[in-house]
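A short write-up of the structure that comes next.
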Amino acid sequence: MSWIREGELTLLERFCANIIKAGPMPKHIAFIMDGNRRYAQKCQVERQEGHSQGFDKLAETLRWCLNLGIREVTVYAFSIENFKRSKNEVDGLMELARQKFTRLMEEQCFLNVCFAYTSRHEISNAVKEMAWGVEQGLLDSSDVSESLLDKCLYTNNSPNPDILIRTSGEVRLSDFLLWQTSHSCLVFQPILWPEYSFWNLCEAILQFQVNHSMLQKARDSYVEERKRQQLESDQAAVTEQLLREGCGSSRDSQLRRILLHKRSSGREERVQGFLQALERKREEWLARLGTASS
Ligand code: IPE
Ligand code: IPE
Ligand code: MG
0 MSWIREGELT LLERFCANII KAGPMPKHIA FIMDGNRRYA QKCQVERQEG HSQGFDKLAE
60 TLRWCLNLGI REVTVYAFSI ENFKRSKNEV DGLMELARQK FTRLMEEQCF LNVCFAYTSR
120 HEISNAVKEM AWGVEQGLLD SSDVSESLLD KCLYTNNSPN PDILIRTSGE VRLSDFLLWQ
180 TSHSCLVFQP ILWPEYSFWN LCEAILQFQV NHSMLQKARD SYVEERKRQQ LESDQAAVTE
240 QLLREGCGSS RDSQLRRILL HKRSSGREER VQGFLQALER KREEWLARLG TASS
């Protein structure tokens, strides 16, 4: 039987889900699932049991998201820093992750798992990839931009999260999706992750809805600003080119338009070529990793 799909919402939950769905809904929610060990301590169960219930809570949360029409979920399951925990705890977490994620993946759900992840590692890796692209002659250094960095992140196929939820009352991001959440609604909830409920999720969505127009405005103006900056730098480069070629006084706006278009389509072509090369490089790396671990 399906783990995510088993169990329906209660009548009351369905009723509230329908009311919430009348407002703007998030398409993508990210969770920092925190508080498993405090939960275990509180309930006087083994630490591993707290982690196990945390994984089960994820399946339940995915079911609520599915019922609410939320198509994408990203979770912070294990940070690079978490390797510093005792060997016993790390081994236990690895074993749980193997079992539980295998089961979740079988359901081909809408889940991105950040495991052995930190955001700063992801961002510095993206910077290194762009430097590699320039070194290989695939990119011009002027192609390096925020939007190219976006495309080099592991999350490049997903829209940025609309909401980032952290449980257990901690009010820090612990190096999670720092780049992707600049315009997300950040929700910090005191509940420990294994105790997370449908109502906690509704509360977070309501916070998003209350702040929706401000978030949207901030997002739109960022996109506009990015476009404006790109255009400005392209225009400056075209002026420089015209000066170099002795046509500095050219008022021929059609020539300027042609050069601008040439510049942006040239960049687009280089970026596509670079991203394809990057994908191949990552696939080769994964294949090597697979061979080494088998
Ligand atoms: C989150 O719960 C799960 C992982 C980090 C793997 P914690 O294990 O951090 O539990 P607390 O925050 O110490 O209660
Ligand atoms: C963050 O939780 C990572 C995960 C939830 C996987 P931690 O509990 O490890 O974070 P810090 O160390 O308290 O910031
Ligand atoms: Mg914690």
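Under numbering that gives the first Met the number 0, the first residue of the sequence shown is numbered 0, with each subsequent residue one higher.
Note that beta-carbon positions come from the ideal geometry of N, C-alpha and C, so glycine has one too.
Worksheet item: For the beta strand (DSSP E) that V186 lies in, which residues bound it at each end?
Response: C184 to F187
Fill in: Bridge partners - C201, DSSP secondary structure assignment
Paired residue(s): none; C201 is not in a bridge.
Discussion item. Which complete alpha helix (DSSP H) runs does the region 120-146 hold, if anything under 4 residues is left out?
Written reply: none
Discussion item. Cutting at 8 Å between CB atoms, please list the residues of its own chain near D139, excluding the five before and the five after it.
Written reply: V133, R266 and R269
Discussion item. Using only CA atoms, which one of L258, A236 and T9 lies nearest to S141?
Written reply: A236
Worksheet item: For A217, does the count of other Cβ atoms within 10 angstroms reach 16, so buried, or fall short, so exposed?
Response: exposed
Worksheet item: Any residues whose CB sits closer than 5 Å to a heavy atom of ligand 1? List them in chain order?
Response: D33, G34, N35, R36 and R37
Practice prompt. Spatial neighbours of R227 within its chain, please: CB distance less than 8 Å, with the 5 preceding and 5 following residues excluded, ordered by chain position.
Written response: none
Worksheet item: Based on the DSSP output, what are the partners of F73 in its beta bridges?
Response: Note that residue 73 is Thr in the sequence shown, not Phe. Answer by DSSP bridge pairing, in chain order: A29 and N111.
Discussion item. What I want to know is whether the C-beta of S167 ends up closer than 7 Å to one or more non-hydrogen atoms of ligand 3.
Written reply: yes
Discussion item. For N159 and S183, which I take to be in contact (beta-carbon distance under 8 Å), what is that distance rounded to the nearest angstrom?
Written reply: 6 Å
Worksheet item: Using a Cβ-Cβ cut-off of 8 Å (strictly less than) and excluding sequence neighbours within five positions of G68, which residues of its own chain qualify?
Response: K20 and M24
Discussion item. What I want to know is whether the C-beta of I31 ends up closer than 7 Å to one or more non-hydrogen atoms of ligand 2.
Written reply: yes
Item to complete: Check whether the Cβ of Y221 sits closer than 7 Å to any heavy atom of ligand 2, and report yes or no.
Response: no
Worksheet item: Any heavy atom of ligand 2 closer than 7 Å to the Cβ of Y75?
Response: yes
Worksheet item: Pick from L95, N156, T60 and V222: whose alpha carbon is nearest that of I164?
Response: T60
Worksheet item: Is E80 near ligand 5, going by C-beta to nearest heavy atom under 7 Å?
Response: For the structure depicted, ligand 5 is absent and the ligand set comprises only ligand 1, ligand 2 and ligand 3.
Worksheet entry | Inter-residue spacing [alpha-carbon to alpha-carbon] between W178 and I122 | 8 Å
Worksheet item: Closest by CA to F187, which one among I18, G34, H27 and N17?
Response: G34
Practice prompt. Output the distance between the C-alpha atoms of R171 and F109, rounded to the nearest integer angstrom.
Written response: 25 Å
Fill in: Start-to-end residues for the alpha helix (DSSP H) that takes in I79
Per DSSP, I79 belongs to no alpha helix (DSSP H) and is neither H nor E.
Discussion item. Please report the distance separating the alpha-carbon of P189 from that of H120.
Written reply: 28 Å
Discussion item. For E94 and Q271, what's the separation of their Cα atoms in angstroms?
Written reply: 39 Å
Practice prompt. For I164, name the three-state secondary structure that DSSP assigns.
Written response: strand
Worksheet item: What separation, rounded to the nearest whole angstrom, lies between the Cα atoms of A26 and N210?
Response: Position check: residue 26 holds Lys in this sequence, whereas Ala was assumed. Rounded to whole angstroms, K26 to N210 spans 15 Å at the Cα level.
Item to complete: Along the alpha helix (DSSP H) that carries S66, what are the first and last residues, could you check?
Response: Checking the sequence, you will find Asn at residue 66 rather than Ser. Where N66 is concerned, the enclosing alpha helix (DSSP H) stretches over R46 to L67.
Worksheet item: Do you know how far the Cα of V72 is from the Cα of L274?
Response: 25 Å
Worksheet item: So what's Y153 in DSSP terms, helix, strand or just coil?
Response: coil
Worksheet item: With burial defined as no fewer than 16 other Cβ atoms inside 10 Å of the residue's Cβ, what is the status of Q43: buried or exposed?
Response: exposed
Worksheet item: What do you get for N199, buried or exposed, if any count of 16 or more other CB atoms within 10 angstroms of its CB means buried?
Response: buried
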